[in-house]
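This report concerns only the one structure given below.
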Amino acid sequence: MFVSKIIYPQVTRTLIPQNNMFVFIYQIVTKPLTSKIIPNEICPVCSKNDSIELTLYMRYIAMGIPLFGMGRRTGVVCTSCGNVLKNPDSSIFARKKYSDNVAAAIKDIRASHKRTLWQLVYPWSIWFVIPVLILIMLGISSINKRNTSEKAKEYAELLMHPQIGDIYKSTWYENNLSTGVLVKLMRIDGDTLFIVKTKKNIPMSFAQEEWNKLTADPEAFETKEYKIKKFSLLKETNFGNFFMYNTDTNKKDYPVFLGSVLNSKSEMDLGFETIERKK
Numbered sequence: 083m084f085v086s087k088i089i090y091p092q093v094t095r096t097l098i099p100q101n102n103m104f105v106f107i108y109q110i111v112t113k114p115l116t117s118k119i120i121p122n123e124i125c126p127v128c129s130k131n132d133s134i135e136l137t138l139y140m141r142y143i144a145m146g147i148p149l150f151g152m153g154r155r156t157g158v159v160c161t162s163c164g165n166v167l168k169n170p171d172s173s174i175f176a177r178k179k180y181s182d183n184v185a186a187a188i189k190d191i192r193a194s195h196k197r198t199l200w201q202l203v204y205p206w207s208i209w210f211v212i213p214v215l216i217l218i219m220l221g222i223s224s225i226n227k228r229n230t231s232e233k234a235k236e237y238a239e240l241l242m243h244p245q246i247g248d249i250y251k252s253t254w255y256e257n258n259l260s261t262g263v264l265v266k267l268m269r270i271d272g273d274t275l276f277i278v279k280t281k282k283n284i285p286m287s288f289a290q291e292e293w294n295k296l297t298a299d300p301e302a303f304e305t306k307e308y309k310i311k312k313f314s315l316l317k318e319t320n321f322g323n324f325f326m327y328n329t330d331t332n333k334k335d336y337p338v339f340l341g342s343v344l345n346s347k348s349e350m351d352l353g354f355e356t357i358e359r360k361k
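Here it is as C-alpha cells:
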C-alpha cells in the first residue's frame, strides 16, 4: 500500500544587518499536530475509500525556541495514491478542490484539537525575547562606539604627530575626479609635509578587497612630491585633509585641496586600517 505524507523540512534563514554588527539565524518550522482518516471519503484520483488523511500543522519562527506563531494549516492527502487534495502552503483564497465532507472535517479538526499550554504561549514568546535582543543590540552598539572612539583617538595621535614612512589610504581629487590612492609621507620640514601618491589608483571604495589592489612597495609611488601643511595646523573640519598652498601674484598663500585620509576621524567601522605606521 502506498502511504504518503507531506513532510516539511525546517527552513533556516540568516539576517545580516548592514555593517555586520550582529547576525540573527532563525528557522521556519512546520510541525504536524494531529492526523486522522476522513471516513467515507473517496479519492477522486484512485477511487479508494477511507484513504483520505487530514493533518493539522502548526507553523512558527524559531531561534532555538519558538518565537512567533504563523498560524495553523491543514493538509489533505490520499494515503493510497499520494494525491494532494489540499496543500498546507496554498493560499486561503485558492480554489477548493475537495468535497464538502472534507471541508467539514477541516473545520472540525481545527475546532476540536486542544492546544497544549506551550502551543498557546509560543505565538507570544517573541515579546519575552525582544527585551533580551534589545539589550544584546545595545551592548553591541556600546562596544562598537567605544571601539570607534578609541580608534578615533589613535588616528588623531598618528595625524597630529606624523612620522616619515606613514602610509594613508586616501581619496585623491584630480581632473574633477575623486579616486583612491595610497599616500606616503616622505619628508617633514617644519610645518610642511612632503608626500607622494601611488601611480595606480582605484575607484573610490570602502571595500578592503579594492584597497588590497594597491601596493605600498617603493616603486609603486610617483617621484613627484606634494607639499602640504601639517594636519595639526588645520581646523577640525579639515582634519585629515591634504592641502597644498600656492602663492598668488600678491604673494598670498591660497589652499589647493588634494584629497583626504580615508575615515580619518574613524566615523565608520570599515574593518581595515586606513593609517599605517611601521613599528
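For the sequence shown, the residue numbers in this note's numbering are 83 to 361. Using N, Cα and C, we set each Cβ at its ideal position, and we do this for glycine too.
Along the chain, where does the alpha helix (DSSP H) containing residue i start, and where does it finish?
{"i": "I188", "result": "182-194"}
{"i": "E291", "result": "290-293"}
Can you tell me whether residue i is buried or exposed? The criterion is at least 16 other CB atoms within 10 Å of its CB, across all chains shown.
{"i": "P170", "result": "buried"}
{"i": "L264", "result": "buried"}
{"i": "F127", "result": "Checking the displayed sequence, the identity of residue 127 turns out to be Val instead of Phe. Exposed."}
{"i": "L220", "result": "exposed"}
{"i": "K360", "result": "exposed"}
Out of curiosity, what's the CA-to-CA distance linking residue i and residue j?
{"i": "A238", "j": "I107", "result": "38 Å"}
{"i": "I110", "j": "A234", "result": "42 Å"}
{"i": "M103", "j": "P337", "result": "Because the pLDDT at M103 is just 49, under 50, the model does not fix this residue reliably, and the value given afterwards should be weighed accordingly. The alpha-carbon atoms of M103 and P337 are separated by roughly 39 Å."}
{"i": "I191", "j": "T156", "result": "9 Å"}
{"i": "K306", "j": "E236", "result": "29 Å"}
{"i": "E67", "j": "S181", "result": "Nothing about residue 67 can be read from this structure; the chain reaches only from 83 to 361."}
{"i": "L344", "j": "E304", "result": "20 Å"}
{"i": "S252", "j": "M350", "result": "15 Å"}
{"i": "M152", "j": "V158", "result": "19 Å"}
{"i": "F339", "j": "T329", "result": "14 Å"}
{"i": "I301", "j": "G247", "result": "With the sequence shown as reference, residue 301 is identified as Glu, and Ile is not the correct amino acid for it. If you take the alpha carbons of E301 and G247, they lie about 14 Å apart."}
{"i": "K281", "j": "N257", "result": "15 Å"}
{"i": "L240", "j": "S224", "result": "25 Å"}
{"i": "L167", "j": "I120", "result": "12 Å"}
{"i": "E123", "j": "R154", "result": "23 Å"}
{"i": "N320", "j": "F313", "result": "8 Å"}
{"i": "N226", "j": "I218", "result": "12 Å"}
Would residue i and residue j be called neighbours here (beta carbons separated by less than 8 Å)?
{"i": "M362", "j": "K309", "result": "Here the chain covers residues 83 to 361 and nothing more, so residue 362 does not appear."}
{"i": "P382", "j": "I222", "result": "The requested residue 382 is not part of the displayed model; the chain covers only 83 to 361."}
{"i": "K113", "j": "M140", "result": "yes"}
{"i": "K311", "j": "D273", "result": "yes"}
{"i": "P322", "j": "S348", "result": "The residue you asked about is not Pro; residue 322 is Gly in the sequence shown. No, they are not a contact pair."}
{"i": "S133", "j": "C160", "result": "yes"}
{"i": "N283", "j": "T261", "result": "yes"}
{"i": "H195", "j": "T116", "result": "yes"}
Are any of the Cβ atoms in chain C nearer than 8 Å to that of residue i?
{"i": "Y237", "result": "Chain labels in this structure do not include chain C; a single protein chain is all it has."}
Going by the DSSP bridge assignment, what does residue i pair with across the sheet?
{"i": "D248", "result": "According to DSSP, D248 bridges with nothing at all."}
{"i": "D271", "result": "T274"}
{"i": "Y336", "result": "N328"}
{"i": "T116", "result": "L138"}
{"i": "P285", "result": "T261"}
{"i": "N323", "result": "S342"}
{"i": "G221", "result": "Note: G221 sits in no beta bridge, so no partner."}
Taking the beta strand (DSSP E) that residue i falls in, what are its first and last residues?
{"i": "K309", "result": "308-311"}
{"i": "E135", "result": "134-145"}
{"i": "V166", "result": "166-168"}
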